[in-house]
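In what follows, a single structure is set out as structure tokens and then discussed.
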Ligand SMILES: *Cc1c(COP(=O)(O)O)cnc(C)c1O
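In the UniProt record's numbering, the protein residues as written are 1 to 442.
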């Protein structure tokens with residue numbers, strides 16, 4: 001193995017920096033147009049439309065089952081907020097002028113589970129439930145789906161079970177949604193999962209299985225257990241196209257929100273989006289949806305902890321899921337629990353690498369500092385993972401050669417929108433948040 005690491009570091013000097021846990025930024029020179037990149041994704045606009053229609057069918061059910069979604073008529077969506085005071089702090093702290101406007105996409109405050117997983121995770125459970133109910137002759141796509149909120153349907157779904165492996169937030173989304181429908185559900189939680197998430201799930205009647213090992217082991221055990229039960233459906237965070245499509249609906253939603261707010265995205269008004277990346281399904285699916293909504297005018301950049309740079313490692317070396325951060329001696333231990341993944345999704349990396357402009361890493365200390373500052377400047381509280389994207393506007397502003405290569409003029413950059421995707425934190429208990437803020441201050 002030592003030999004392999006040496007060869008890899010020689011072929012890819014960046015790998016050496018990753019091993020040394022340096023913060024790095026890599027803007028992929030092989031990025032292509034949507035037209036050229038799309039065939040490699042293997043999914044298209046119709047697939048996203050299907051997912052969007054399915055979520056609309058379920059909206060009347062969600063509005064009834066989760067009163068917090070009533071105001072949005074059962075549509076699970078988050079706000080986009082300007083964060084001017086944080087933008088000013090970033091500019092001063094990094095001595096870098098950030099042209100254009102920095103906005104925050106508050107998936108941290110999505111209803112039901114308070115993270116980006118309320119998109120993909122919930123969508124996959126709903127898809128599975130719909131399939132089962134239609135097959136049993138209990139449901140047709142023309143029905144009012146609020147009828148699923150009944151003892152009859154809960155009794156029906158009780159015969160089936162769902163299993164998933166998670167670092168926390170995916171388990172929360174899938175556990176809460178599955179239990180509400182009536183499924184018997186097991187969530188296999190990795191060592192980094194927070195206690196309050198396990199407690200919350202147990203409160204909802206979810207079977208929580210705990211592991212001393214990391215995410216990869218929790219997923220494998222979940223998969224194994226599910227294989228032994230023909231009535232058990234395993235939600236595969238590493239390979240699921242359904243999850244991916246659930247996330248992708250975010251693209252058209254952002255477009256609608258921008259239209260309402262008068263925010264333009266075109267050649268003269270480029271959009272940069274900064275997405276925290278764990279296994280890759282969430283940011284990959286969102287990026288796919290954004291590409292389909294805004295074409296080549298949107299530029300997506302992934303952010304990872306220095307201790308878990310699995311997607312950057314996989315894409316940069318071309319080895320994708322054939323290599324893990326542990327293979328190069330990195331421990332995959334990070335306070336950004338939502339991003340504590342050692343091996344990236346092979347599906348997402350291969351599907352999306354041509355459509356992603358760049359990747360960067362940042363330290364845990366860095367995420368904590370940004371967490372504290374966002375609270376101080378804007379009064380917005382997030383979990384550490386959700387801050388990973390916050391450094392993006394600075395890094396892009398510091399890389400004129402990247403902007404040059406993708407033909408963004410100085411004038412256009414002045415009118416850019418920077419959308420930092422805040423992926424979680426809305427449901428962190430007060431005490432837990434206080435300890436995050438203390439760490440940020442110390
Ligand atoms: C899961 C998660 C992510 C990343 O999503 P992946 O699909 O694992 O890449 C980012 N932030 C938070 C808070 C998450 O829970």
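Glycine included, every Cβ here is placed at the ideal spot set by N, Cα and C. Remember, it's a predicted structure, so these values are computed and weren't measured experimentally.
Cβ neighbour criterion (16 or more within 10 Å) applied to residue i
{"i": "residue 67", "result": "exposed"}
{"i": "residue 63", "result": "buried"}
{"i": "residue 406", "result": "exposed"}
{"i": "residue 305", "result": "buried"}
{"i": "residue 259", "result": "exposed"}
{"i": "residue 77", "result": "buried"}
{"i": "residue 372", "result": "buried"}
{"i": "residue 214", "result": "buried"}
{"i": "residue 283", "result": "buried"}
{"i": "residue 54", "result": "buried"}
{"i": "residue 133", "result": "buried"}
{"i": "residue 424", "result": "buried"}
{"i": "residue 36", "result": "exposed"}
{"i": "residue 10", "result": "exposed"}
{"i": "residue 136", "result": "exposed"}
{"i": "residue 105", "result": "buried"}
Expected contact under 8 Å - CB spacing of residue i and residue j to nearest Å
{"i": "residue 459", "j": "residue 368", "result": "Since the displayed the chain opens at 1 and closes at 442, residue 459 lies outside it and no answer follows."}
{"i": "residue 312", "j": "residue 359", "result": "4 Å"}
{"i": "residue 262", "j": "residue 308", "result": "That belief does not hold up - the Cβ atoms of residue 262 and residue 308 are roughly 38 Å apart, past 8 Å."}
{"i": "residue 413", "j": "residue 99", "result": "5 Å"}
{"i": "residue 273", "j": "residue 298", "result": "6 Å"}
{"i": "residue 138", "j": "residue 130", "result": "The pair is not a contact, with the Cβ atoms about 10 Å apart (cut-off 8 Å)."}
{"i": "residue 179", "j": "residue 206", "result": "5 Å"}
{"i": "residue 177", "j": "residue 125", "result": "4 Å"}
{"i": "residue 182", "j": "residue 153", "result": "6 Å"}
{"i": "residue 390", "j": "residue 370", "result": "5 Å"}
{"i": "residue 5", "j": "residue 329", "result": "7 Å"}
{"i": "residue 363", "j": "residue 23", "result": "6 Å"}
{"i": "residue 200", "j": "residue 172", "result": "7 Å"}
{"i": "residue 148", "j": "residue 61", "result": "5 Å"}
{"i": "residue 415", "j": "residue 268", "result": "6 Å"}
Nearest to residue i (by Cα), restricted to the options the options
{"i": "residue 356", "options": "374, 321, 300, 305", "result": "300"}
{"i": "residue 186", "options": "364, 195, 276, 202", "result": "202"}
{"i": "residue 50", "options": "246, 135, 429", "result": "246"}
{"i": "residue 108", "options": "426, 131, 172, 212", "result": "426"}
{"i": "residue 280", "options": "293, 267, 353, 327", "result": "353"}
{"i": "residue 123", "options": "156, 58, 96, 239", "result": "58"}
{"i": "residue 265", "options": "24, 436, 95, 417", "result": "417"}
{"i": "residue 251", "options": "233, 289, 273", "result": "289"}
{"i": "residue 119", "options": "244, 302, 20", "result": "244"}
{"i": "residue 33", "options": "292, 128, 241", "result": "292"}
{"i": "residue 198", "options": "438, 216, 174, 71", "result": "174"}
{"i": "residue 296", "options": "126, 111, 270, 398", "result": "270"}
{"i": "residue 257", "options": "195, 79, 21, 70", "result": "79"}
{"i": "residue 40", "options": "362, 150, 349", "result": "349"}
{"i": "residue 422", "options": "10, 303, 13", "result": "303"}
{"i": "residue 110", "options": "194, 75, 136", "result": "75"}
{"i": "residue 276", "options": "287, 268, 172", "result": "287"}
{"i": "residue 420", "options": "103, 36, 235", "result": "103"}
{"i": "residue 365", "options": "440, 82, 403, 325", "result": "440"}
{"i": "residue 444", "options": "11, 233, 211", "result": "Because the chain spans 1 through 442 in this model, residue 444 falls outside it and cannot be assessed."}
{"i": "residue 150", "options": "211, 105, 65, 204", "result": "65"}
{"i": "residue 38", "options": "411, 15, 351, 204", "result": "351"}
{"i": "residue 167", "options": "184, 97, 438, 217", "result": "217"}
{"i": "residue 333", "options": "11, 15, 317, 310", "result": "310"}
{"i": "residue 429", "options": "235, 325, 194", "result": "194"}
{"i": "residue 19", "options": "204, 97, 327, 60", "result": "327"}
{"i": "residue 13", "options": "411, 317, 377, 361", "result": "317"}
{"i": "residue 346", "options": "71, 127, 315, 331", "result": "315"}
{"i": "residue 42", "options": "374, 285, 361", "result": "285"}
Any 3 or more C-beta pairs closer than 8 Å across the segment 105 to 117 and the segment 26 to 42
Cβ pair count under 8 Å is below three, so no.
For the structure I just gave you, are there three or more beta carbon pairs, one from the segment 83 to 97 and one from the segment 143 to 155, closer than 8 Å?
no
Within the chosen definition, does the segment 29 to 48 reach the segment 319 to 326 through at least 3 CB pairs nearer than 8 Å?
Per the Cβ contact rule, the segment 29 to 48 is not in contact with the segment 319 to 326 (fewer than 3 Cβ pairs under 8 Å).
Below 8 Å, can you find three or more Cβ-Cβ pairs linking the segment 148 to 163 to the segment 219 to 232?
Between the segment 148 to 163 and the segment 219 to 232 there are three or more C-beta pairs closer than 8 Å, enough to call the two in contact.
contact_flag[the segment 326 to 343, the segment 188 to 206] where n(CB pairs < 8 Å) is 3 or more
Contact between the segment 326 to 343 and the segment 188 to 206 is present, because at least three Cβ pairs lie under 8 Å.
Within the chosen definition, does the segment 374 to 388 reach the segment 234 to 241 through at least 3 CB pairs nearer than 8 Å?
No, the segment 374 to 388 is not in contact with the segment 234 to 241.
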